[in-house]
Amino acid sequence: MSTPPPPPDDLNPALGPIIISHVNAGVEFIDNLANDDERDELVEQMNLHGNSIQSMDGLEAFTGLVELCLSSNNIEEISFHALQPLVHLRVLDLSANSISSTLGFPQLPRLEELSMAHNCIQGLDGLTRPIKFPKLQYLDLRGNAIVELNDLVVLQRLKRLAHLRLQAANGDQANPVCDLDGYPHAIIQMLPKLALLDEEERLREAEERLQQKMATLEKSENETKEITGELELARKTHEAIVTQLSDEVKYHKDRAEQADKRNIQLEKQVTELKANVETVYNKCIEKDEAIQQLKKNLIARQDEIDALRSQHEKDSERQDKLQQQQQDLYERQLQSSIIQVEMEFRKEFQQSAQRFQSLQRKTQERMKEVKRVREAYQVSLQREAAAKAQIEKLEAILADDKKKLSVEDAKRSDTFKAEIRQEKSKREELEHRLIEEQKKYAQVAVLTVERDEKTIENERLREEIRHEKLSAKLEALEKEAPKKEDQLISLRTELEQKVSALESISSSSVKKWSVLE
Numbered sequence: 000m001s002t003p004p005p006p007p008d009d010l011n012p013a014l015g016p017i018i019i020s021h022v023n024a025g026v027e028f029i030d031n032l033a034n035d036d037e038r039d040e041l042v043e044q045m046n047l048h049g050n051s052i053q054s055m056d057g058l059e060a061f062t063g064l065v066e067l068c069l070s071s072n073n074i075e076e077i078s079f080h081a082l083q084p085l086v087h088l089r090v091l092d093l094s095a096n097s098i099s100s101t102l103g104f105p106q107l108p109r110l111e112e113l114s115m116a117h118n119c120i121q122g123l124d125g126l127t128r129p130i131k132f133p134k135l136q137y138l139d140l141r142g143n144a145i146v147e148l149n150d151l152v153v154l155q156r157l158k159r160l161a162h163l164r165l166q167a168a169n170g171d172q173a174n175p176v177c178d179l180d181g182y183p184h185a186i187i188q189m190l191p192k193l194a195l196l197d198e199e200e201r202l203r204e205a206e207e208r209l210q211q212k213m214a215t216l217e218k219s220e221n222e223t224k225e226i227t228g229e230l231e232l233a234r235k236t237h238e239a240i241v242t243q244l245s246d247e248v249k250y251h252k253d254r255a256e257q258a259d260k261r262n263i264q265l266e267k268q269v270t271e272l273k274a275n276v277e278t279v280y281n282k283c284i285e286k287d288e289a290i291q292q293l294k295k296n297l298i299a300r301q302d303e304i305d306a307l308r309s310q311h312e313k314d315s316e317r318q319d320k321l322q323q324q325q326q327d328l329y330e331r332q333l334q335s336s337i338i339q340v341e342m343e344f345r346k347e348f349q350q351s352a353q354r355f356q357s358l359q360r361k362t363q364e365r366m367k368e369v370k371r372v373r374e375a376y377q378v379s380l381q382r383e384a385a386a387k388a389q390i391e392k393l394e395a396i397l398a399d400d401k402k403k404l405s406v407e408d409a410k411r412s413d414t415f416k417a418e419i420r421q422e423k424s425k426r427e428e429l430e431h432r433l434i435e436e437q438k439k440y441a442q443v444a445v446l447t448v449e450r451d452e453k454t455i456e457n458e459r460l461r462e463e464i465r466h467e468k469l470s471a472k473l474e475a476l477e478k479e480a481p482k483k484e485d486q487l488i489s490l491r492t493e494l495e496q497k498v499s500a501l502e503s504i505s506s507s508s509v510k511k512w513s514v515l516e
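So in numbering that gives the first Met the number 0, spot 203 of the sequence shown is number 202, and the numbers just go up one at a time.
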């Protein structure tokens with residue numbers, strides 16, 4: 000086994016800080032690098048990349064270290080007593096080792112950068128229970144075995160953490176947690192103070208996505224308002240069409256009354272036929288012309304009704320299927336009634352022609368034909384009355400359906416608006432509670448830092464007691480120790496309760512945000 004040469008003896012401390020660098024030099028023990036004198040305390044940088052080191056023992060001699068690199072070695076666990084004296088350490092690189100747990104870290108108050116990439120780490124409890132690195136800004140965890148997002152929740156206690164790496168920029172060297180859906184968005188919600196995630200400015204992208212989602216939500220609200228306006232316009236147009244149809248029905252009723260009057264006149268003309276056959280024949284011809292004119296008018300009105308029907312179908316496409324079925328039923332019955340009227344008029348025309356022919360041939364059967372005409376006319380009046388009653392029933396059904404549809408649409412719009420308002424109020428309450436819990440977390444973090452400082456002070460006093468034999472101070476500290484331990488236990492329980500409450504609040508807020516999105 001070949002050991003690397005120690006640092007040269009002629010190094011002058013007055014020339015500046017000492018740097019130790021043994022890269023790929025086969026170093027197995029850090030103790031072999033120490034000189035056991037004051038020069039060890041002046042070493043500020045140490046690079047031991049690519050060696051065969053299995054233990055951190057020996058680092059306690061280099062108390063002035065600022066940067067330490069132990070990457071690509073065989074270290075399996077963190078050594079508390081070896082790292083505890085390194086209070087000036089700012090950069091620590093432990094990547095490419097065999098470390099499986101973060102337990103064992105002492106408090107390093109000045110540590111700003113920590114790299115533990117390419118290890119076997121599954122949890123990060125050792126970094127924050129209690130807070131070991133209050134000034135940590137950069138954390139590299141690529142190529143580990145972190146599976147769940149809950150394993151990263153402890154990083155919320157590192158208030159100054161600005162750069163977190165869980166995978167490479169191209170997606171390589173990733174932890175299993177990086178394969179989860181919505182991984183960047185969840186990390187950003189969990190750590191809102193992050194500036195860089197995986198060496199990419201994904202925070203800005205996530206904020207932009209959040210703004211886009213809020214914009215889409217506002218657009219959807221505006222669209223709902225527009226849709227309600229369109230529905231109101233459609234209702235108004237539908238009401239106008241209904242009024243127009245009612246006017247048409249009144250017009251047709253007036254025409255029917257006029258037709259009744261004309262029929263009365265025709266009856267008078269039929270009575271005159273008894274006196275004179277020729278006058279009866281001429282008036283029958285006039286009746287034929289009137290019937291043809293009525294047919295033409297009916298055909299024209301049928302075209303107008305068809306045009307109105309097409310327009311009404313276009314306007315009623317947005318209505319429900321029930322209204323369409325009722326409208327179709329109404330149109331079919333109206334068309335059938337019109338066809339029945341036409342058939343009745345045709346039958347009457349044929350009967351009148353036959354009667355006129357029979358009057359020409361047989362003058363004796365005039366009275367019989369007149370009676371038949373009267374009976375047919377009474378039948379037609381009864382059918383017209385039945386058709387009018389059916390039309391009025393259909394109009395009443397249509398009005399009731401319109402009222403029901405308007406009431407249902409108003410209820411739906413009111414419920415939808417009320418649900419949106421409730422969700423907004425809930426979101427604001429959750430955000431307010433989250434801010435309060437964050438303030439409480441900050442207070443708890445300050446208390447834990449004070450507790451850690453007190454523990455360091457206690458250890459320092461104990462060392463003074465060992466060296467200077469201050470038994471009085473030791474007894475006083477031992478008397479105060481149980482009280483402080485009780486305070487620490489109460490603080491831990493309170494902290495765990497608040498952490499569980501905050502986790503439940505964060506999970507509920509995530510669910511609410513997902514629902515809102």
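We put the beta carbon where it would ideally sit given N, CA and C, even for glycine.
Beta-carbon contacts of residue i that lie in its chain and below 6 Å, excluding the five residues immediately before and after
{"i": "HIS48", "result": "VAL22, CYS68, SER70, SER71"}
{"i": "GLN496", "result": "none"}
{"i": "GLN44", "result": "ILE18, GLU66"}
{"i": "PHE61", "result": "ASP39, VAL42"}
{"i": "ILE304", "result": "none"}
{"i": "PRO105", "result": "PHE79, LEU82, GLN83"}
{"i": "ASN143", "result": "ASN118, ILE120, ASN174"}
Through-space distance from residue j to residue i, alpha-carbon basis
{"i": "GLU374", "j": "GLU347", "result": "11 Å"}
{"i": "GLU200", "j": "ILE186", "result": "Only weak support is given to the placement of GLU200: the predicted model assigns it a pLDDT of 48, under 50, and the value that follows is read from those uncertain coordinates. Cα to Cα, the separation comes out at about 13 Å."}
{"i": "LEU148", "j": "ARG159", "result": "20 Å"}
{"i": "ARG89", "j": "GLN421", "result": "49 Å"}
{"i": "MET342", "j": "LYS410", "result": "47 Å"}
{"i": "ILE434", "j": "PRO191", "result": "12 Å"}
{"i": "ARG519", "j": "LEU490", "result": "Within the shown structure, residues of the chain are numbered from 0 to 516, placing residue 519 beyond reach of any answer."}
{"i": "LEU113", "j": "LYS416", "result": "50 Å"}
{"i": "LEU138", "j": "MET115", "result": "8 Å"}
{"i": "LEU123", "j": "GLN136", "result": "16 Å"}
{"i": "THR215", "j": "LEU230", "result": "22 Å"}
{"i": "THR236", "j": "GLU502", "result": "54 Å"}
{"i": "GLN363", "j": "GLN268", "result": "18 Å"}
{"i": "ALA388", "j": "LYS260", "result": "20 Å"}
{"i": "ILE298", "j": "ASP413", "result": "46 Å"}
{"i": "GLN211", "j": "GLU222", "result": "16 Å"}
{"i": "LEU154", "j": "LEU193", "result": "11 Å"}
{"i": "LEU110", "j": "LYS482", "result": "31 Å"}
{"i": "SER379", "j": "ILE240", "result": "30 Å"}
{"i": "SER424", "j": "LYS439", "result": "23 Å"}
{"i": "LEU328", "j": "LYS249", "result": "20 Å"}
7 Å CB neighbourhood of residue i in its chain, flanking five on each side removed
{"i": "HIS80", "result": "GLU59"}
{"i": "GLN166", "result": "ARG141, GLN172, ALA173, ASN174, CYS177, ASP197"}
Bridge-paired residues (DSSP) for residue i
{"i": "TYR250", "result": "Answer by DSSP bridge pairing: none, since TYR250 is not bridged."}
{"i": "TYR523", "result": "Within the shown structure, residues of the chain are numbered from 0 to 516, placing residue 523 beyond reach of any answer."}
{"i": "MET45", "result": "ILE19, LEU67"}
{"i": "ILE434", "result": "Looking at the DSSP assignment, ILE434 forms no beta bridge with any residue, so it has no partner."}
{"i": "ILE455", "result": "In the DSSP output, where bridge partners are listed per residue, ILE455 has none listed."}
{"i": "ILE130", "result": "THR127"}
Close Cβ partners of residue i (< 8 Å) along its chain, the five nearest in sequence each way excluded
{"i": "ARG432", "result": "ILE504"}
{"i": "LEU107", "result": "LEU82, LEU85, VAL86, LEU88, LEU91, LYS131, PHE132"}
{"i": "LYS294", "result": "GLU341, PHE344"}
{"i": "ILE52", "result": "VAL26, GLU27, PHE28, ILE29, LEU69, ASN72, ASN73, ILE74"}
{"i": "ILE419", "result": "GLU220"}
{"i": "ARG308", "result": "GLU330"}
{"i": "GLN301", "result": "ILE337"}
Limits of the unbroken beta strand (DSSP E) element including residue i
{"i": "ILE186", "result": "Premise fails: ILE186 lies in the alpha helix (DSSP H), 182–189, not in any beta strand (DSSP E)."}
{"i": "CYS68", "result": "66–68"}
{"i": "LEU91", "result": "90–92"}
{"i": "GLN318", "result": "It is not in any beta strand (DSSP E) - GLN318 carries neither H nor E in the DSSP assignment."}
For residue i, the first and last residue of its enclosing alpha helix (DSSP H)
{"i": "HIS80", "result": "79–82"}
{"i": "LEU126", "result": "124–127"}
Expected contact under 8 Å - CB spacing of residue i and residue j to nearest Å
{"i": "GLU75", "j": "SER97", "result": "5 Å"}
{"i": "ASP400", "j": "GLN323", "result": "Not quite, the Cβ-Cβ distance comes to about 11 Å (not below 8 Å), so this is no contact."}
{"i": "ARG450", "j": "PRO129", "result": "7 Å"}
{"i": "THR101", "j": "LEU64", "result": "Rounded, the Cβ-Cβ distance is 20 Å, inconsistent with contact."}
{"i": "LYS286", "j": "LEU265", "result": "6 Å"}
{"i": "ASN457", "j": "LEU487", "result": "Between LEU487 and ASN457 the Cβ distance is about 12 Å, and since that is not below 8 Å, they are no contact."}
{"i": "ALA255", "j": "GLU383", "result": "6 Å"}
{"i": "MET189", "j": "LEU151", "result": "6 Å"}
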